[in-house]
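A.B. asks: Taken in order, the sequence shown gives residues 245 to 512; the numbers are from this note's numbering.
Glycine is no exception: its CB is placed at the ideal position from the N, C-alpha and C atoms.
Pasting in a structure now, in structure tokens, and then I'll have a few things to ask.
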Amino acid sequence: MALDPLAAVAAIRTRTAANPSVAIVLGSGLGRLADDVMHATRIPYAGIPGWDRSTAPGHSGELVVGTLSGKTVAVMKGRLHYYEGYDMPAVVFPIRVCKAWGIDTVILTNACGGLNPKFKPGDLMLLEDHINFMPANPLRGPNDERLGPRFPDMVGTYTEELRATAKSVDPDLREGIYVAVSGPNFETPAELRMLRGLGADAVGMSTVPEVIAARHLGMRVLAIATVTDMATGIPGQIEHVSGEQVIEVAERAGARLGALIKGVVAKL
């Protein structure tokens, strides 16, 4: 059965009368921002038809609707990943629900490995572009022209105005290219060197499917990656990494990321 964003919106509206102007997706270890949402209504993903629950560590799996920096927002406290076993329509379904709800701006966050040797753990990187190494595309299959074109243009996907706003809030932000891989294993040193050689500054297992879906829908996109470890693959600089470490570093960087998102939302 095809997923129905309108049915999901109808269910959400039985819980809240709010009409958010921006959606915020919180990645691994970055869920604390949802606690700052005022007058919040919390809706478990299990209570929204078609919206699967998140099984990834550090993703609680609830939609938090309320006020942040004076704006009405919908905060996804946790996302779905391809590596969890979900197909691409399920992974991007929340983005399609947001668009059907009337939201035109989405802010996505993630935890990533830093490929650029100039980066360090705890840095925040604005995505200026991406390389997609995911094995499936969320737009594969029959196209619904009501959602977007068959062949969406990906030039300018990451909205320049939003990136400029983010840099005005936090001038020390890094900028770079994010490469998406399927996971769940971390990459080998040889793979990391290859990805860096292709021009990527950071690597992760999320975000790009949602960005493609948002672009297809004509949404404005801002994406921010938290560098949780250095994944250069350079001999002598190779370090082992664990999921627990990723979450720990992401949580430490959470205060800065929260301040950044609040500042951006205030200027929207």
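Reducing DSSP to helix, strand and coil, say where L307 ends up.
C.D. replies: Here residue 307 refers to the residue found at position 63 of the sequence shown. Of the three classes helix, strand and coil, the one that applies to L307 here is strand, per DSSP.
A.B. asks: Going by beta carbon distance, what residues of the same chain come within less than 8 Å of R496, once the five residues before and after it are set aside?
C.D. replies: Here residue 496 corresponds to residue number 252 of the sequence shown, with the count starting at 1. Excluding residues within five positions, the ones whose Cβ falls inside 8 Å are G366.
A.B. asks: Can you tell me which residues form a DSSP beta bridge with A469?
C.D. replies: In the sequence shown, residue 469 corresponds to position 225, counting from 1. Answer is N354, M369.
A.B. asks: Report the CB separation of M438 from V350 in whole angstroms; it is logged as a contact under 8 Å.
C.D. replies: On the sequence shown, position 194 is the one that residue 438 refers to. On the sequence shown, position 106 is the one that residue 350 refers to. Going by Cβ atoms, the distance from M438 to V350 rounds to 30 Å, so no, they are not a contact pair.
A.B. asks: Indicate whether A467 and L352 have their beta-carbon atoms separated by less than 8 Å.
C.D. replies: Position 223 of the sequence shown, counted from the first residue, corresponds to residue 467. Position 108 of the sequence shown, counted from the first residue, corresponds to residue 352. Their beta carbons are under 8 Å apart, which means A467 touches L352 by this criterion.
A.B. asks: To the nearest angstrom, report how far apart W345 and A251 are at their CA atoms.
C.D. replies: Residue mapping note: residue 345 aligns to position 101 of the sequence shown, counting from 1. Residue mapping note: residue 251 aligns to position 7 of the sequence shown, counting from 1. Taking the straight line joining both Cα atoms gives about 10 Å.
A.B. asks: What is the DSSP secondary structure of E431, reduced to helix, strand or coil?
C.D. replies: Here residue 431 is taken as the residue at index 187 of the sequence shown, counted from 1. Here E431 sits in coil by DSSP.
A.B. asks: Nearest-angstrom Cα distance between V447 and P338?
C.D. replies: Position 203 of the sequence shown holds residue 447. Position 94 of the sequence shown holds residue 338. Approximately 23 Å, taken between the alpha carbons.
A.B. asks: In this structure, does DSSP put Y289 in helix, strand or coil?
C.D. replies: Residue numbering aside, residue 289 sits at position 45 when the sequence shown is read from its first letter. It is helical.
A.B. asks: In whole angstroms, what separates the C-alpha of V425 from that of L247?
C.D. replies: As a first step, residue 425 is located in the sequence shown; it is residue number 181 there, counting from the start. As a first step, residue 247 is located in the sequence shown; it is residue number 3 there, counting from the start. Near 25 Å, if we compare the C-alpha coordinates of L247 and V425.
A.B. asks: Compare the C-beta of G366 with all C-beta atoms of chain B and state if any pair is closer than 8 Å.
C.D. replies: Absence of chain B from the displayed structure is noted, only one protein chain being present.
A.B. asks: Figure out for me which residue from K315, E454, A475, I456 has the closest Cα to the Cα of A434.
C.D. replies: Taking the first residue of the sequence shown as position 1, residue 434 is located at position 190. Ranking K315, E454, A475, I456 by Cα distance to A434 puts A475 first.
A.B. asks: For D296, which residues from the same chain have a beta carbon less than 8 Å from its beta carbon, with the 5 sequence-adjacent residues on both sides left out?
C.D. replies: As a position in the sequence shown, residue 296 is number 52, starting the count at 1. Once the five neighbours on either side are set aside, the close Cβ partners of D296 are Y289, L324, Y330, A334, F337.
A.B. asks: Can you look up I256 in the DSSP assignment and give me helix, strand or coil?
C.D. replies: Against the sequence shown, residue 256 aligns to sequence position 12. In this structure, I256 counts as helix in the three-state DSSP scheme.
A.B. asks: Looking at the secondary structure, which residues open and close the alpha helix (DSSP H) in which R340 lies?
C.D. replies: For this step, residue 340 is matched to residue 96 along the sequence shown. Unbroken alpha helix (DSSP H) run through R340: 332 to 344.
A.B. asks: Quick one: residues in its chain with C-beta nearer than 7 Å to the C-beta of V413, no 5 flanking neighbours on either side, listed in chain order?
C.D. replies: Numbered from its first residue, the sequence shown carries residue 413 at position 169. L504, G507, V508, listed in sequence order.
A.B. asks: If you count every other CB in all the chains shown that lies within 10 Å of the CB of N354, and 16 or more means buried, which is it?
C.D. replies: For the purposes of this step, residue 354 is taken as residue 110 along the sequence shown, with counting starting at 1. It counts as buried.
A.B. asks: Report all residues from its chain with a CB closer than 6 Å to the CB of H374; omit the five preceding and five following residues, and keep chain order.
C.D. replies: On the sequence shown, position 130 is the one that residue 374 refers to. Contacts found: Y422, V452.
A.B. asks: To the nearest angstrom, how far is it from the Cα of E405 to the Cα of R259?
C.D. replies: The count along the sequence shown starts at 1 and reaches residue 405 at position 161. The count along the sequence shown starts at 1 and reaches residue 259 at position 15. Their backbone Cα atoms lie some 33 Å apart in a straight line.
A.B. asks: Using DSSP bridges, identify the partner residues of G448.
C.D. replies: Within the sequence shown, the letter at position 204 stands for residue 448. According to DSSP, G448 bridges with A424.
A.B. asks: Using C-beta distances below 6 Å, list every residue in its chain close to P415, excluding the 5 sequence neighbours before and after it, in chain order.
C.D. replies: To locate residue 415, count along the sequence shown from 1; it is residue 171. Closer than 6 Å at the Cβ level, and outside the excluded window around P415, lies no residue.
A.B. asks: Expressed to the nearest angstrom, what Euclidean distance is found between the alpha-carbon atoms of K411 and R500?
C.D. replies: By 1-based counting over the sequence shown, the position of residue 411 is 167. By 1-based counting over the sequence shown, the position of residue 500 is 256. Roughly 13 Å separates the two Cα atoms.
A.B. asks: Does DSSP classify M474 as helix, strand or coil?
C.D. replies: As a working note, residue 474 is residue 230 in the sequence shown. Residue state, collapsed to three classes: strand.
A.B. asks: Taking just the CA atoms, how far does G271 sit from V469?
C.D. replies: What you label residue 469 is simply residue 225 of the sequence shown in a count that begins at 1. What you label residue 271 is simply residue 27 of the sequence shown in a count that begins at 1. Residue 469 is actually Ala in this sequence, not Val. The alpha-carbon atoms of A469 and G271 are separated by roughly 9 Å.
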